[in-house]
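Peer 1: Numbering (the UniProt record's numbering), first residue to last: 1 to 452.
The beta carbon of each residue, even a glycine, is placed where N, CA and C say it ideally should be.
Next up is a structure, given as structure tokens.
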Amino acid sequence: MGKYAHVFQGTAFSSKTFEEVDILKDYLFCINENGLIEKMIAPEEEQYVTLLSEYDGKENFHRLLEGEYILPGFIDLHVHAPQWAQAGTALDLPLYDWLNTYTFPIESKFSDMNFAQTVYEDLVKTLLANGTTTALYFASIHKESSLLLAQICAQLGQRGLVGKVVMDNPDQCPNYYRDESTEMALKETEEFIISVQELHQQTKQGVYPVVTPRFIPSCTDEALKGLGELAAKYNTHIQSHCSESDWQHGYAIERFHKHDAFALNDFGLLQEKAVMAHCNFLADEDAKLFASTGTAVAHCPISNVFFSNGVLPARHLHDLGVEIGLGTDISGGFSPSLFDNVRQAVIAARMLEEGVDTTISADKRGVASSRITTSEAFYFATAGGGEAISLPVGRIEENYAWDVQIINTTVPAAKLPIFNNDLEDIFQKIMYLARPENIQQVWVQGEKVHER
Numbered sequence: 001m002g003k004y005a006h007v008f009q010g011t012a013f014s015s016k017t018f019e020e021v022d023i024l025k026d027y028l029f030c031i032n033e034n035g036l037i038e039k040m041i042a043p044e045e046e047q048y049v050t051l052l053s054e055y056d057g058k059e060n061f062h063r064l065l066e067g068e069y070i071l072p073g074f075i076d077l078h079v080h081a082p083q084w085a086q087a088g089t090a091l092d093l094p095l096y097d098w099l100n101t102y103t104f105p106i107e108s109k110f111s112d113m114n115f116a117q118t119v120y121e122d123l124v125k126t127l128l129a130n131g132t133t134t135a136l137y138f139a140s141i142h143k144e145s146s147l148l149l150a151q152i153c154a155q156l157g158q159r160g161l162v163g164k165v166v167m168d169n170p171d172q173c174p175n176y177y178r179d180e181s182t183e184m185a186l187k188e189t190e191e192f193i194i195s196v197q198e199l200h201q202q203t204k205q206g207v208y209p210v211v212t213p214r215f216i217p218s219c220t221d222e223a224l225k226g227l228g229e230l231a232a233k234y235n236t237h238i239q240s241h242c243s244e245s246d247w248q249h250g251y252a253i254e255r256f257h258k259h260d261a262f263a264l265n266d267f268g269l270l271q272e273k274a275v276m277a278h279c280n281f282l283a284d285e286d287a288k289l290f291a292s293t294g295t296a297v298a299h300c301p302i303s304n305v306f307f308s309n310g311v312l313p314a315r316h317l318h319d320l321g322v323e324i325g326l327g328t329d330i331s332g333g334f335s336p337s338l339f340d341n342v343r344q345a346v347i348a349a350r351m352l353e354e355g356v357d358t359t360i361s362a363d364k365r366g367v368a369s370s371r372i373t374t375s376e377a378f379y380f381a382t383a384g385g386g387e388a389i390s391l392p393v394g395r396i397e398e399n400y401a402w403d404v405q406i407i408n409t410t411v412p413a414a415k416l417p418i419f420n421n422d423l424e425d426i427f428q429k430i431m432y433l434a435r436p437e438n439i440q441q442v443w444v445q446g447e448k449v450h451e452r
């Protein structure tokens, strides 16, 4: 077998900087037993030929074929796992009605373990097939089925960060779907954290517990304070929603006389391992607070069209030093694909810059300098997501996990229009035109978890 668990030969694309994509042409990627990239060797290096002759023809040697390319696995920073059951429906309602008429009723069904097993297994398999190697999940308020989701991630080979959702505020949560008491919410969250941390010890790619107040309206002050303390005690990740819509942003101002961001920070919920979804209405001082605490934004561009009343100024937030990754926000976003969200991130930023109301003169219509490039949106989906969760994922670099998707551009049913294009063009074509059929294989932590 040699000293490496796997050696891959092929061309890969990975973010070098926010603006720039590295093209690693015909490299050898040497993966160790722990599933990390131990060595990357360029064709001009002298050990290239030696290593090639040593591994070529062995069963742990993988030579990419003509038309195949390696991308980092995508990192989805915002998935409501139980909402997979309703994906693609009810998107015409306002957020408040959508939650109460459709979403809370469906999430309440996850007390049924058989139903949870069916939905969660299908979701994790679907996300892996779409190239998502790491996902940050909101489960439901039910401790048992939330733990089941972490077990399914562990078993199917996805790196899952899973939160048991806390909703204990009787003013804002329906009777049939909320924690029975604040005390119970905190007790079950702590038990959930301990169970997932034990599961993590036996899982190669890692599964992680996440402290998850649904959002400020759903939680009492006591719950928010207790969750901040639990996150500190167990050093966990944290996730919630922040300033998503006019309604949510306004609610926090009314209740706390300050913005969501500052209220969450008062409870110890903004920190290096915290990810806040949406954040469309962050003011500059909120963004600076995010940057100084290391809190990341999960940008969900498809979902924002339906539920957030505005476009996230991603370029502006990035310029202020905020870490940003991408999320599908299943099922506020209908698509399980981060490819679709990369495209929408570019489109939304362009619309923000150009403006959308043609009755306003061109010089006043949009917000200048808002656009992002394909390479920058790709960064959000990969390296930015890895930074957001503070794990060595999202880049094809030494000492990073071998979390990759192998893209085949020649699949007859989804052939990409490539005609003597250079590699920069091929990268862009993959970002805009690839479909799930083009994702030939997916690897997480050096293990193959999906193949077409």
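1) Please state the DSSP three-state secondary structure of Glu354.
2) So does the stretch 329 to 339 actually touch the stretch 351 to 363, counting three or more Cβ pairs closer than 8 Å?
3) Count the other CB atoms, across all protein chains shown, that sit within 10 Å of the CB of Met113; report buried if there are 16 or more and exposed otherwise.
4) With distances taken Cα to Cα, identify the nearest neighbour of Asp122 among Gln83, Leu136, Ser140, Lys143.
5) Let me know the secondary structure DSSP gives Ala42 once reduced to three states.
6) What is the residue span of the beta strand (DSSP E) that Gln9 lies within?
7) If Ala261 sits next to Phe290, beta carbons under 8 Å apart, how far is it from one beta carbon to the other, in whole angstroms?
8) With a 10 Å radius around its C-beta and 16 neighbouring C-beta atoms as the bar for buried, classify Ala283 as buried or exposed.
9) Can you tell me which of the three DSSP states Thr409 falls into?
10) In angstroms, rounded to a whole number, what distance separates the CA positions of Glu183 and Ala223?
11) Report the three-state DSSP secondary structure of Glu244 (helix, strand or coil).
12) Taking Leu127 as the reference, give the member of Ser146, Gly160, Ile106 with the closest Cα.
13) Taking all protein chains shown into account, do 16 or more other C-beta atoms lie within 10 angstroms of the C-beta of Leu71, making it buried, or fewer, making it exposed?
14) List the DSSP bridge partners of Tyr102.
15) Excluding the 5 residues flanking Leu24 on each side, which residues of the same chain have their C-beta closer than 6 Å to its C-beta?
16) Which whole runs of the alpha helix (DSSP H) in the stretch 349 to 394 are 4 residues long or more, in chain order?
17) Helix, strand or coil: how does DSSP classify Met113 here?
18) Would you say Leu317 and Thr295 are within 7 Å of each other, going by their C-beta atoms?
19) Kindly indicate which residue of Met167, Trp247, Arg214, Trp443 has the alpha-carbon position closest to the one of Tyr96.
20) Taking only runs of the alpha helix (DSSP H) that begin and end inside the stretch 158 to 194, which ones reach a length of at least 4 residues, in chain order?
21) Of the residues Val444, Gln440, Thr409, Ala185, which one's Cα is nearest the Cα of Gln428?
22) Would DSSP call Val311 helix, strand or coil?
23) Out of curiosity, what's the CA-to-CA distance linking Gly67 and Asn235?
24) Classify Gly325 as helix, strand or coil using the three-state DSSP reduction.
25) Does the Cβ-Cβ distance between Leu227 and Pro217 come in under 7 Å?
26) When DSSP builds the beta bridges, which residues end up paired with Met276?
27) In angstroms with no decimal places, state the Cα-to-Cα distance between Lys273 and Leu391.
28) Would you be able to state if there are at least three C-beta pairs under 8 Å between the stretch 169 to 184 and the stretch 144 to 155?
29) Among all the DSSP beta bridges, which residues are the ones paired with Val29?
30) Report the rounded CA-to-CA distance for Val444 versus Gln158, giving the unit in angstroms.
31) Could you tell me the boundaries of the alpha helix (DSSP H) in which Tyr400 lies?
32) So is Leu326 buried or exposed if we call it buried at 16+ other beta carbons inside 10 Å?
33) Which term fits Pro417, buried or exposed, when burial requires 16 or more other beta carbons within 10 angstroms of its beta carbon?
34) Is the CB-CB distance between Leu230 and Val211 below 7 Å?
35) From the DSSP output, read off the bridge partner residues of Trp443.
36) Which partner residues of Glu68 appear in the DSSP bridge assignment?
Peer 2: By the coordinates alone:
1) Here Glu354 sits in helix by DSSP.
2) By the C-beta criterion, the stretch 329 to 339 is judged not to be in contact with the stretch 351 to 363, since fewer than 3 inter-stretch pairs fall below 8 Å.
3) Result: exposed.
4) Residue Gln83 is the option with its Cα nearest to Asp122.
5) When secondary structure is reduced to three states using DSSP, Ala42 falls in the coil class, being assigned neither helix nor strand.
6) For Gln9, the enclosing beta strand (DSSP E) begins and ends at 6 to 15.
7) For Ala261 against Phe290, the beta-carbon gap comes to about 7 Å, under 8 Å, which counts as contact.
8) Its Cβ having fewer than 16 others within 10 Å, Ala283 is exposed.
9) In the structure shown, Thr409 sits in coil (DSSP, three-state: anything other than H, G, I, E or B).
10) Going from the Cα of Glu183 to the Cα of Ala223 covers about 8 Å.
11) Three-state result, Glu244: coil.
12) When each option's Cα is compared against that of Leu127, the closest is Gly160.
13) Leu71 is buried by the Cβ-count criterion.
14) Answer by DSSP bridge pairing: none, since Tyr102 is not bridged.
15) Exclusion of the five residues before and after Leu24 leaves Ala12 as the residues of its chain whose Cβ lies within less than 6 Å of its Cβ.
16) Those alpha helix (DSSP H) runs which fall completely within the stretch 349 to 394 and span 4+ residues are 362 to 365, 374 to 379, 385 to 388.
17) Three-state result, Met113: helix.
18) The criterion of a C-beta distance shorter than 7 Å is not satisfied by Leu317 and Thr295.
19) Tyr96 has its Cα closest to that of Trp247, out of Met167, Trp247, Arg214, Trp443.
20) Runs found: none.
21) Between Gln428 and the set Val444, Gln440, Thr409, Ala185, the nearest pair of CA atoms involves Thr409.
22) In the three-state DSSP reduction, Val311 falls in the coil class, being neither helix nor strand.
23) Straight across, the Cα-Cα distance linking Gly67 with Asn235 is about 43 Å.
24) Strand.
25) With a cutoff of 7 Å on beta-carbon distance, Leu227 and Pro217 are scored as not near each other.
26) Looking at the DSSP assignment, Met276 forms a beta bridge with Ser240, Val297.
27) Taking the straight line from one Cα to the other gives about 9 Å.
28) Because the criterion of three Cβ pairs below 8 Å is not met, the stretch 144 to 155 and the stretch 169 to 184 do not touch.
29) A quick correction: the sequence has Phe, not Val, at residue 29. Paired residues: Phe8, Met40.
30) In a straight line, the C-alpha of Val444 is about 7 Å away from that of Gln158.
31) That residue, Tyr400, is in no alpha helix (DSSP H); it is neither H nor E in DSSP.
32) Burial call: buried.
33) Per the 10 Å Cβ criterion, exposed.
34) Less than 7 Å divides the Cβ of Leu230 from the Cβ of Val211.
35) Paired residues: Val404, Lys448.
36) For Glu68, which the question treats as bridged, DSSP gives the partners Asn408.
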